[in-house]
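**Q**
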């Protein structure tokens, strides 16, 4: 499917919840998709007890694939999760607690989204 993004003429695409069991992504697969121009949107949902992704694994994947291929999302649209702003704060706090630098966080929080939307840096 990653190849189809370019084949149908899209220059930008993203996948929400890449650590969801629906996608079954591992780092090599994420790298292939990233090489095809796909970005990944991370949410609190993935770190929450609902999906239970280990923050350490998320940080390792971000660094292996490159933070420029990821962005943080405030998606928290189910009643079991905190309100949207709190979910985003928790996601950022957990990534920082597991060693993401402020430069990496800035990329995750603004850089990839700006690029995806074709906004000036």
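Numbering (the working numbering), first residue to last: 103 to 223. A virtual CB, placed ideally from N, CA and C, is assigned to each residue, including glycine.
1) Measure the CB-CB distance between residue 125 and residue 160 and report whether it falls below 8 angstroms.
2) For residue 177, count neighbouring Cβ atoms within 10 angstroms of its own Cβ and tell me buried if that reaches 16, exposed if not.
3) Taking the continuous alpha helix (DSSP H) assigned at residue 189, which residues delimit it?
4) May I have the straight-line CA-CA distance separating residue 154 from residue 167, to the nearest angstrom?
5) With 16 as the cutoff for other CB atoms within 10 Å, does residue 203 come out buried or exposed?
6) Locate the alpha helix (DSSP H) running through residue 207, then write down its first and last residues.
7) When the Cα atoms are used, what is the spatial distance from residue 223 to residue 175?
8) Please classify residue 164 as buried or exposed, where buried requires at least 16 other C-beta atoms within 10 Å of its C-beta.
9) According to DSSP, which residues form a beta bridge with residue 142?
**A** Short version:
1) no
2) buried
3) 186-199
4) 21 angstroms
5) exposed
6) 204-208
7) Confidence is the limiting factor: at residue 223 the pLDDT is only 48, short of 50, which leaves the residue's position unreliable, though a coordinate-based value still follows. Taking the straight line from one Cα to the other gives about 19 angstroms.
8) buried
9) 117, 172
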